[in-house]
Amino acid sequence: PEAAEIGTVVAPGMFAASAGAGAAVAQREPPPAAATDPRAGDGVRWWFWPLLALCLLPPAGAVLFQAVRPEAGGVREALLSAWVVSGFLAALLWLVVLGANLPALSGAACFVLVAAGTVASGMLVSTRLDVANGATIQDFVATAVVAGVLLLVLLIASVTVTRLWRVWAFLILGGALLAGAVFARMFS
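Quick note: the sequence shown uses this note's numbering, first residue 16, plus one each step.
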(Lines of atoms letter the chains of each structure in order from A; the text may use other names.)
(Lines give C-alpha, C1' and ligand atoms only; values in the text may rest on other atoms or scores of the structure.)
Protein backbone atom coordinates (compact mmCIF):
# COMPACT_ATOMS: atom_id res chain seq x y z
CA PRO A 16 0.00 0.00 0.00
CA GLU A 17 1.05 3.55 -0.61
CA ALA A 18 2.16 5.71 2.27
CA ALA A 19 -0.87 7.95 1.84
CA GLU A 20 -3.24 5.01 2.27
CA ILE A 21 -1.78 3.49 5.46
CA GLY A 22 -3.33 5.62 8.21
CA THR A 23 -3.17 4.38 11.80
CA VAL A 24 -3.55 1.00 13.42
CA VAL A 25 -6.84 2.00 15.01
CA ALA A 26 -8.29 3.64 11.89
CA PRO A 27 -6.55 2.39 8.72
CA GLY A 28 -6.97 4.79 5.85
CA MET A 29 -8.44 7.45 8.16
CA PHE A 30 -5.64 9.95 7.70
CA ALA A 31 -4.14 10.70 4.31
CA ALA A 32 -0.80 12.52 3.98
CA SER A 33 -0.20 14.79 1.04
CA ALA A 34 2.45 13.94 -1.51
CA GLY A 35 4.98 16.56 -0.32
CA ALA A 36 7.37 15.86 2.54
CA GLY A 37 6.45 17.62 5.75
CA ALA A 38 2.98 18.57 4.51
CA ALA A 39 0.10 18.78 6.93
CA VAL A 40 -2.00 15.66 7.39
CA ALA A 41 -5.53 16.02 6.07
CA GLN A 42 -8.29 14.23 7.91
CA ARG A 43 -10.86 12.32 5.89
CA GLU A 44 -14.49 12.41 6.80
CA PRO A 45 -15.46 9.03 8.35
CA PRO A 46 -18.28 7.18 6.59
CA PRO A 47 -21.70 7.25 8.25
CA ALA A 48 -22.38 4.43 10.72
CA ALA A 49 -25.24 3.00 8.64
CA ALA A 50 -22.90 2.51 5.69
CA THR A 51 -20.30 0.60 7.72
CA ASP A 52 -22.55 -1.39 10.04
CA PRO A 53 -24.72 -3.90 8.17
CA ARG A 54 -26.75 -4.47 11.33
CA ALA A 55 -27.87 -0.85 11.65
CA GLY A 56 -31.60 -0.71 11.03
CA ASP A 57 -34.68 1.36 11.58
CA GLY A 58 -36.54 -0.52 14.28
CA VAL A 59 -37.28 -3.92 15.64
CA ARG A 60 -36.58 -6.76 13.25
CA TRP A 61 -39.33 -9.23 12.28
CA TRP A 62 -37.81 -12.17 14.18
CA PHE A 63 -37.70 -10.43 17.56
CA TRP A 64 -41.42 -10.67 18.44
CA PRO A 65 -41.73 -14.42 17.71
CA LEU A 66 -38.61 -15.12 19.78
CA LEU A 67 -39.96 -13.01 22.63
CA ALA A 68 -43.25 -14.94 22.48
CA LEU A 69 -41.32 -18.21 22.49
CA CYS A 70 -39.58 -17.12 25.69
CA LEU A 71 -43.04 -17.36 27.29
CA LEU A 72 -43.57 -20.92 26.07
CA PRO A 73 -42.27 -22.73 29.20
CA PRO A 74 -44.67 -21.04 31.67
CA ALA A 75 -47.50 -21.17 29.13
CA GLY A 76 -46.96 -24.90 28.71
CA ALA A 77 -46.87 -25.42 32.47
CA VAL A 78 -50.09 -23.43 33.01
CA LEU A 79 -51.90 -25.06 30.11
CA PHE A 80 -51.17 -28.61 31.12
CA GLN A 81 -51.78 -27.88 34.79
CA ALA A 82 -55.24 -26.70 33.75
CA VAL A 83 -55.77 -29.95 31.87
CA ARG A 84 -54.56 -32.11 34.78
CA PRO A 85 -55.20 -30.21 38.02
CA GLU A 86 -54.57 -33.31 40.11
CA ALA A 87 -50.86 -33.33 39.18
CA GLY A 88 -48.54 -32.55 42.08
CA GLY A 89 -45.60 -30.17 42.28
CA VAL A 90 -47.36 -27.47 40.34
CA ARG A 91 -45.85 -24.53 42.21
CA GLU A 92 -42.23 -25.64 41.80
CA ALA A 93 -42.81 -26.59 38.17
CA LEU A 94 -44.33 -23.21 37.39
CA LEU A 95 -41.50 -21.39 39.17
CA SER A 96 -38.97 -23.49 37.25
CA ALA A 97 -40.73 -22.62 34.00
CA TRP A 98 -40.50 -18.90 34.81
CA VAL A 99 -36.79 -19.27 35.62
CA VAL A 100 -36.23 -20.87 32.21
CA SER A 101 -38.29 -18.11 30.61
CA GLY A 102 -36.16 -15.45 32.31
CA PHE A 103 -32.97 -17.20 31.18
CA LEU A 104 -34.17 -17.34 27.58
CA ALA A 105 -35.16 -13.67 27.77
CA ALA A 106 -31.69 -12.80 29.10
CA LEU A 107 -30.17 -14.58 26.11
CA LEU A 108 -32.57 -12.71 23.84
CA TRP A 109 -31.56 -9.45 25.48
CA LEU A 110 -27.93 -10.21 24.59
CA VAL A 111 -29.01 -10.97 21.02
CA VAL A 112 -30.84 -7.62 20.95
CA LEU A 113 -27.61 -5.90 21.95
CA GLY A 114 -25.58 -7.89 19.44
CA ALA A 115 -28.01 -7.23 16.60
CA ASN A 116 -28.17 -3.52 17.50
CA LEU A 117 -31.95 -3.41 17.95
CA PRO A 118 -33.76 -0.45 19.57
CA ALA A 119 -34.14 0.04 23.31
CA LEU A 120 -37.80 -1.05 23.19
CA SER A 121 -36.61 -4.58 22.47
CA GLY A 122 -34.32 -4.56 25.49
CA ALA A 123 -37.10 -3.21 27.71
CA ALA A 124 -39.44 -6.01 26.62
CA CYS A 125 -36.75 -8.57 27.45
CA PHE A 126 -36.10 -6.88 30.80
CA VAL A 127 -39.66 -7.53 31.95
CA LEU A 128 -39.25 -11.27 31.40
CA VAL A 129 -35.78 -11.28 32.95
CA ALA A 130 -37.21 -9.58 36.04
CA ALA A 131 -40.02 -12.15 36.27
CA GLY A 132 -37.47 -14.96 35.93
CA THR A 133 -35.29 -13.42 38.62
CA VAL A 134 -38.19 -13.17 41.06
CA ALA A 135 -39.18 -16.75 40.28
CA SER A 136 -35.63 -17.97 40.78
CA GLY A 137 -35.51 -16.33 44.21
CA MET A 138 -38.80 -17.96 45.17
CA LEU A 139 -37.67 -21.34 43.84
CA VAL A 140 -34.35 -21.21 45.66
CA SER A 141 -36.03 -20.18 48.90
CA THR A 142 -38.45 -23.12 48.72
CA ARG A 143 -35.82 -25.66 47.68
CA LEU A 144 -33.22 -24.57 50.19
CA ASP A 145 -35.47 -24.23 53.22
CA VAL A 146 -33.38 -25.67 56.05
CA ALA A 147 -36.47 -26.11 58.22
CA ASN A 148 -37.85 -28.56 55.65
CA GLY A 149 -34.68 -30.65 55.54
CA ALA A 150 -32.51 -29.13 52.83
CA THR A 151 -29.14 -30.87 52.63
CA ILE A 152 -25.73 -29.81 51.40
CA GLN A 153 -26.46 -31.68 48.15
CA ASP A 154 -29.41 -29.34 47.54
CA PHE A 155 -27.13 -26.34 48.01
CA VAL A 156 -24.49 -27.78 45.68
CA ALA A 157 -27.04 -28.73 43.00
CA THR A 158 -28.54 -25.22 43.10
CA ALA A 159 -25.10 -23.62 42.86
CA VAL A 160 -24.11 -25.85 39.92
CA VAL A 161 -27.30 -25.05 37.99
CA ALA A 162 -26.88 -21.32 38.65
CA GLY A 163 -23.22 -21.52 37.63
CA VAL A 164 -24.03 -23.25 34.35
CA LEU A 165 -26.70 -20.66 33.50
CA LEU A 166 -24.32 -17.81 34.30
CA LEU A 167 -21.54 -19.45 32.28
CA VAL A 168 -23.80 -19.70 29.23
CA LEU A 169 -24.75 -16.03 29.63
CA LEU A 170 -21.06 -15.11 29.94
CA ILE A 171 -20.15 -17.05 26.78
CA ALA A 172 -23.09 -15.47 24.96
CA SER A 173 -22.10 -11.97 26.06
CA VAL A 174 -18.57 -12.46 24.72
CA THR A 175 -19.62 -13.94 21.37
CA VAL A 176 -22.96 -12.27 20.66
CA THR A 177 -21.68 -9.45 18.45
CA ARG A 178 -20.48 -11.91 15.83
CA LEU A 179 -22.73 -14.91 16.49
CA TRP A 180 -26.08 -13.31 17.36
CA ARG A 181 -27.86 -15.38 14.70
CA VAL A 182 -26.56 -18.60 16.25
CA TRP A 183 -27.76 -17.49 19.68
CA ALA A 184 -31.16 -16.58 18.22
CA PHE A 185 -31.51 -20.12 16.84
CA LEU A 186 -30.38 -21.56 20.19
CA ILE A 187 -33.11 -19.52 21.91
CA LEU A 188 -35.63 -20.92 19.43
CA GLY A 189 -34.54 -24.50 20.10
CA GLY A 190 -34.27 -23.97 23.85
CA ALA A 191 -37.75 -22.46 24.09
CA LEU A 192 -39.32 -25.30 22.12
CA LEU A 193 -37.47 -27.92 24.17
CA ALA A 194 -38.35 -26.28 27.48
CA GLY A 195 -41.99 -25.89 26.45
CA ALA A 196 -42.13 -29.58 25.59
CA VAL A 197 -40.51 -30.58 28.88
CA PHE A 198 -42.87 -28.50 30.99
CA ALA A 199 -45.87 -29.68 28.96
CA ARG A 200 -44.97 -33.36 29.46
CA MET A 201 -44.36 -32.84 33.16
CA PHE A 202 -48.11 -32.81 33.81
CA SER A 203 -49.19 -35.46 31.33
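Built from N, CA and C at the ideal position, the CB exists for glycine as well.
Just so you know, these numbers come straight off a predicted model, no measurement behind them.
Contact annotation: Val-176 and Leu-113 have beta-carbon atoms nearer than 8 Å. For Ala-130, the uninterrupted alpha helix (DSSP H) run begins and ends at 119-143, by DSSP.
When the beta-carbon positions are compared, Ala-131 and Ser-101 come within less than 8 Å of each other. For Ala-97, the three-state secondary structure derived from DSSP is helix.
In the three-state DSSP reduction, Asn-148 falls in the helix class (H, G or I). One Cα belongs to Leu-108, the other to Leu-95, and the distance between them is close to 20 Å. Burial is judged here by how many other beta carbons sit within 10 angstroms of a residue's own beta carbon; Phe-198 has at least 16 and is buried. Within the same chain, no Cβ atom closer than 6 Å to the Cβ of Val-182 is found once the five residues on either side in sequence are excluded.
Arg-60 sits in coil when the DSSP states are folded into three classes, being neither helix nor strand. About 6 Å separates the Cβ atoms of Phe-103 and Leu-165, confirming a contact at the 8 Å cut-off. Remark: C-beta atoms of Leu-188 and Leu-66 approach each other more closely than 8 Å. Taken through DSSP and simplified to helix, strand or coil, Glu-86 comes out as coil.
C-alpha of Val-99 to C-alpha of Thr-133: approximately 7 Å in a straight line. DSSP places Ala-115 outside both helix and strand once states are collapsed to three, so it counts as coil.
Between the C-alpha atoms of Arg-178 and Met-138 there is a straight-line separation of about 35 Å.
Only residues of its own chain outside the window of five on either side were considered, and among them Pro-118 have a CB closer than 7 Å to the CB of Gly-58, listed in chain order. When rounded, the separation of the alpha-carbon atoms in Asn-116 and Val-156 is 37 Å.
Sequence-distant partners of Leu-72 (beyond 5 residues in either direction) whose C-beta falls short of 6 Å from its own C-beta, in its chain, are Ala-191 and Gly-195. Shown here for Gly-76: same chain residues with a beta carbon closer than 6 Å to its own, the five before and five after excluded, namely Gly-195, Phe-198 and Ala-199 in chain order.
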